[in-house]
Structure formats: structure tokens, C-alpha cells
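Asks:
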Amino acid sequence: HWLTAWPGLELNMISILPMITKQKHPRATEAATKYFLTQAIASAFMLFSSTLNAWQTGSWNITQLDNKLSCILMIMALTMKMGAAPTHFWLPEVMQGSTLATTLLITTWQKIAPITLLYMISNHVETTITLTIGLLSILVGGWGGFNQTQIRKMMAYSSIAHLGWTMTVISITPNIAIMNIITYMTISTPFFLMLMTTSSKTLQTMTTIWIYTPITTIIMMLLLLSMAGLPPLTGFTPKLLILDNLVTHKLTLMATTMAMFSLLSLTFYLRTTYLLTSTAPPTTTQSTTLWRLTSHQNQITTTLAPVALFNITILPSLLM
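Residue numbers (the UniProt record's numbering): 1 to 320.
Quick look at the structure:
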């Protein structure tokens, strides 16, 4: 029911605002304001869309979004809530003004509700619209992350690009879209947790990680390559299945364009992995050592890292 889904999304939004403003800093306040305004606008669109649909069809049921205009408005509202292109402008700014823990929540947990609603209305969604949003998101995600030196902004654009892959296939094969977003969440969670351990916020400070924790560096490098979708890591499987599905539905040109656009993302992932590993001693470091690693064990990271890297073999069987 749309009138129960809407308050749920509102609660989701309100609960994360104090987390964003936890830092007593003007940038955090700005991030919270931007987040609140975009989510409020998206909620207004969502309410308008569901009311219009109820007026035309007499049903408030989520799965019966039969009115074409309401369907388009709903997709627009949900993409704005998630931060997919062309309504992605708030995401990098909000993530830059938040702590690493909050950024992790914004890129993973906050996307679950809108994605679930999209999954439920996927039968009524125009394929052309989702394909356009997806392609635009992959392009924006790759292009935007290109010259970023801030890790949080880079991860925001990475999130937009991954959402693009999900959007392209959600109206064709929704199960693969869900698998793709779950895989992304599984990979990005240990990566963010490791960033929190090393307290690195820029690419420059990442160059010094190798000196103290080579194993953390290697795992972070593999996680980045998994996000890029390189075989034999986990991130490769969903991308392969998405491209395979598009080709099966005679969208070969679309699949080729997506693969080409994803090379933009691959460039900044490879650049980051190069900075992580190849700038290690005996070469001179690019920056002064700004931190010392806090010695603590993180059970979530140790559990998720192997899953995020090496479950390539079991992923296709999950779809059976």
C-alpha cells in the first residue's frame, strides 16, 4: 500500500539526518539540508504519483501502478531518493559532508527501500525509461569519479554507476537487478569499514597505508577491482549476467555502450589500486604519514571480505 510505504521512507530519511549532523561542522549541516530537501521533494513526487494512480484506477496497491504518468513520476521519485542520474547531484555533496560510517549507510541501507519499491512496480515500468536512466548513471558515475581525490566523493560516483547497472535490467529481469545491488553492498561494506579503520579520506593519505598494513592494502585493492567488475572476483558475475540478459533481449548496442562506459569507472578504480600498492617503499611516499592504525579486530570485515571477493561461483546458482 502506497500510504504505508511513504511514511516508511520518511522515517528512513529522518532517522539518518542526526547521523549526518553528528559532526559539528558547517559542511555536515549543509549535507543534512541538501539530503532533507531532495528526499522531501522526492517524497512529494511519490505522493502525487500514487494519488494520481489511485484517482485513475481506484487502487492504492503498490503492484497496480497502471497509470503511465504516475509510473513515470514514481520512477523519477525513486531514482531521486536513491541518487541515480539525472537526479544524482545531491549524493556526492552529502557524502562529502558526512562521516565514513554515515556514508556507508547512505550508499547501502538507504537504497534498500526505493529499490524494493522499484522491484515491486517493475512490471509496469517502461524499459526505455530505465535503460536511459541506467546508461546515463553509468556515464555520470564514470565521468564524475574520474578526477576525484576525495575517497567519499569517488565512492559516491561509484555508487551512481552501480545503480546504473541495476536500473538497466530492473524492468527486464528484476532478480538480476536485485542480485547486482546486493553484490555492490557486500563489496562496499568491507571497503568502507577498512577506510574507517585507516581513517583515510583522500587518495593522498591512502598511499601510506601499505607501510603499516600490507594485508589491509591488498584486501582493499581486491575489493576495488571487484567493484570494477574484473574476473575472477565477485563483481564480475552480476555485470556479465546483465550484459547477457540485454543481448538475449536483442539490446546488443545497449550492452556494448554500457561496457564501453564502464571503462571510465575502471580507470579510476585502477588509479586508486595503483596508488594503494605501487607507491609503496622503497619509492618515496607522496605524502607525510598522517595516521597510525588503531589495533582492533573487526568481525564484520573479516566475514564480508571473502564473500565480497570470492563468491563468484555460487552467484549464478542463487538465481536458479
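C-beta: ideal position from N, C-alpha, C; glycine also.
Does the beta-carbon distance from residue 262 to residue 138 come in below 8 Å?
Replies: Mapped onto the sequence shown, residue 262 falls at position 262. Mapped onto the sequence shown, residue 138 falls at position 138. Result yes, Cβ atoms of residue 262 and residue 138 sit closer than 8 Å.
Asks: Are the Cβ atoms of residue 108 and residue 167 separated by less than 8 Å?
Replies: To locate residue 108, count along the sequence shown from 1; it is residue 108. To locate residue 167, count along the sequence shown from 1; it is residue 167. Not a contact, by the Cβ cut-off of 8 Å.
Asks: Is the separation between the beta-carbon of residue 20 and that of residue 102 shorter than 8 Å?
Replies: Numbered from its first residue, the sequence shown carries residue 20 at position 20. Numbered from its first residue, the sequence shown carries residue 102 at position 102. Yes, the pair counts as a contact, with Cβ atoms nearer than the cut-off.
Asks: Sort 245, 235, 79, 246 by Cα distance to residue 269 and report the nearest one.
Replies: As a first step, residue 269 must be located in the sequence shown, where it is residue number 269. When only C-alpha atoms are compared, the closest one is 235.
Asks: Is the beta carbon of residue 49 sitting closer than 8 Å to the one on residue 74?
Replies: Translated into positions along the sequence shown, residue 49 becomes position 49. Translated into positions along the sequence shown, residue 74 becomes position 74. A contact, by the Cβ cut-off of 8 Å.
Asks: What residues are listed by DSSP as bridge partners for residue 150?
Replies: Your numbering for residue 150 matches position 150 in the sequence shown. According to DSSP, which records beta bridges pairwise, residue 150 is partnered with 202.
Asks: Return the chain-ordered list of same chain residues with a C-beta closer than 8 Å to the C-beta of residue 18, the five sequence neighbours on each side being excluded.
Replies: As a working mapping, residue 18 is identified with position 18 in the sequence shown. If we look at residue 18 and ignore the five residues flanking it on each side, it has no Cβ neighbours.
Asks: Give the secondary structure of residue 173 by DSSP, where H, G and I count as helix, E and B as strand, and everything else as coil.
Replies: In the sequence shown, counting from the first residue as 1, residue 173 sits at position 173. Correct three-state label for residue 173: coil.
Asks: Taking the straight line between their C-alpha atoms, what separation do you get for residue 90 and residue 273?
Replies: Here residue 90 corresponds to residue number 90 of the sequence shown, with the count starting at 1. Here residue 273 corresponds to residue number 273 of the sequence shown, with the count starting at 1. If you take the alpha carbons of residue 90 and residue 273, they lie about 27 Å apart.
Asks: Measuring alpha carbon to alpha carbon, tell me which of 169, 240, 154, 278 ends up nearest residue 118.
Replies: The sequence position of residue 118 within the sequence shown is 118, counting from 1. Considering only alpha carbons, the answer is 169.
Asks: Looking only at its chain, what residues have a beta carbon closer than 7 Å to the beta carbon of residue 288, apart from the 5 residues adjacent to it on each side?
Replies: The residue given as residue 288 occupies position 288 in the sequence shown. Note on residue 288: pLDDT 49, under 50, position unreliable in the model; no value is reported.
Asks: What residue range does the alpha helix (DSSP H) around residue 54 cover?
Replies: Here residue 54 corresponds to residue number 54 of the sequence shown, with the count starting at 1. 26-57 is the span of the alpha helix (DSSP H), which, as asked, contains residue 54.
Asks: Relative to the C-alpha of residue 158, which candidate in 116, 223, 65, 237 has its C-alpha closest?
Replies: The residue labelled residue 158 in the question sits at position 158 within the sequence shown. Measuring from the Cα of residue 158, the nearest candidate turns out to be 223.
Asks: Compute the Euclidean distance between the alpha carbons of residue 100 and residue 195, then round it to the nearest angstrom.
Replies: Taking the sequence shown and counting its residues from 1, one reaches residue 100 at position 100. Taking the sequence shown and counting its residues from 1, one reaches residue 195 at position 195. Each residue's alpha carbon lies about 8 Å from the other.
Asks: Which residues mark the beginning and the end of the alpha helix (DSSP H) in which residue 5 is found?
Replies: Start at 1 with the first residue of the sequence shown, and residue 5 comes out as number 5. Looking at the DSSP string, the run of the alpha helix (DSSP H) that includes residue 5 is 2-20.
Asks: Going by the CB atoms, is the gap between residue 24 and residue 93 shorter than 8 Å?
Replies: On the sequence shown, residue 93 is found 93 positions in, with the first residue counted as 1. On the sequence shown, residue 24 is found 24 positions in, with the first residue counted as 1. Contact: no.
Asks: Would you mind working out which of 7, 165, 197 sits nearest residue 183, comparing C-alpha positions?
Replies: Counted from its first residue, the sequence shown places residue 183 at position 183. Cα-wise, what sits closest to residue 183 is 165.
Asks: Starting from residue 208, trace the alpha helix (DSSP H) both ways and give me its first and last residue.
Replies: As a working mapping, residue 208 is identified with position 208 in the sequence shown. First-last for residue 208: undefined, no H or E at that position.
Asks: Taking 8 Å as the cut-off, decide whether the C-beta atoms of residue 251 and residue 207 are in contact.
Replies: What you label residue 251 is simply residue 251 of the sequence shown in a count that begins at 1. What you label residue 207 is simply residue 207 of the sequence shown in a count that begins at 1. Cβ distance not < 8 Å, so residue 251 and residue 207 don't count as in contact.
Asks: Where residue 146 and residue 155 are concerned, what is the direct C-alpha to C-alpha distance, given to the nearest angstrom?
Replies: Residue numbering aside, residue 146 sits at position 146 when the sequence shown is read from its first letter. Residue numbering aside, residue 155 sits at position 155 when the sequence shown is read from its first letter. Near 11 Å, if we compare the C-alpha coordinates of residue 155 and residue 146.
Asks: I need the straight-line Cα distance from residue 95 to residue 13, nearest angstrom please.
Replies: Within the sequence shown, residue 95 is the residue found at index 95, counting from 1. Within the sequence shown, residue 13 is the residue found at index 13, counting from 1. Between residue 95 and residue 13, the C-alpha separation is close to 14 Å.
Asks: Can you tell me whether residue 4 is buried or exposed, with buried defined as 16 or more other CB within 10 angstroms of its CB?
Replies: Sequence index remark: in the sequence shown, residue 4 carries index 4 (1-based). Counting Cβ neighbours within 10 Å, residue 4 comes out exposed, since fewer than 16 surround it.
Asks: Check each candidate in 29, 52, 229 and name the one with the smallest Cα separation from residue 188.
Replies: Reading the sequence shown from its first residue, position 188 is the one you call residue 188. Among 29, 52, 229, the Cα nearest to that of residue 188 belongs to 229.
Asks: For residue 134, which residues from the same chain have a beta carbon less than 6 Å from its beta carbon, with the 5 sequence-adjacent residues on both sides left out?
Replies: In the sequence shown, the residue the question calls residue 134 occupies position 134. Cβ neighbours of residue 134 beyond the five flanking positions: 164, 167, 168.
Asks: Of the choices 78, 186, 172, whose alpha-carbon is the least far from that of residue 113?
Replies: Walking along the sequence shown from the start, residue 113 turns up at place 113. Taking only the C-alpha atoms, the option nearest residue 113 is 78.
Asks: Does residue 113 come out as helix, strand or coil in the three-state DSSP assignment?
Replies: Indexing the sequence shown from 1 puts residue 113 at position 113. If DSSP states are grouped into helix, strand and coil, residue 113 belongs with the helices.
Asks: Suppose you measure from the CA of residue 66 to the CA of residue 227; what does that come to, to the nearest Å?
Replies: Within the sequence shown, the letter at position 66 stands for residue 66. Within the sequence shown, the letter at position 227 stands for residue 227. Going from the Cα of residue 66 to the Cα of residue 227 covers about 36 Å.
Asks: Secondary structure at residue 99, three-state DSSP: helix, strand or coil?
Replies: As a working note, residue 99 is residue 99 in the sequence shown. DSSP places residue 99 in coil when its eight states are reduced to three.
Asks: My assumption, with CB atoms under 8 Å, is that residue 83 sits in contact with residue 160. Please give the rounded CB distance.
Replies: Here residue 83 corresponds to residue number 83 of the sequence shown, with the count starting at 1. Here residue 160 corresponds to residue number 160 of the sequence shown, with the count starting at 1. Confirmed, Cβ separation roughly 6 Å.
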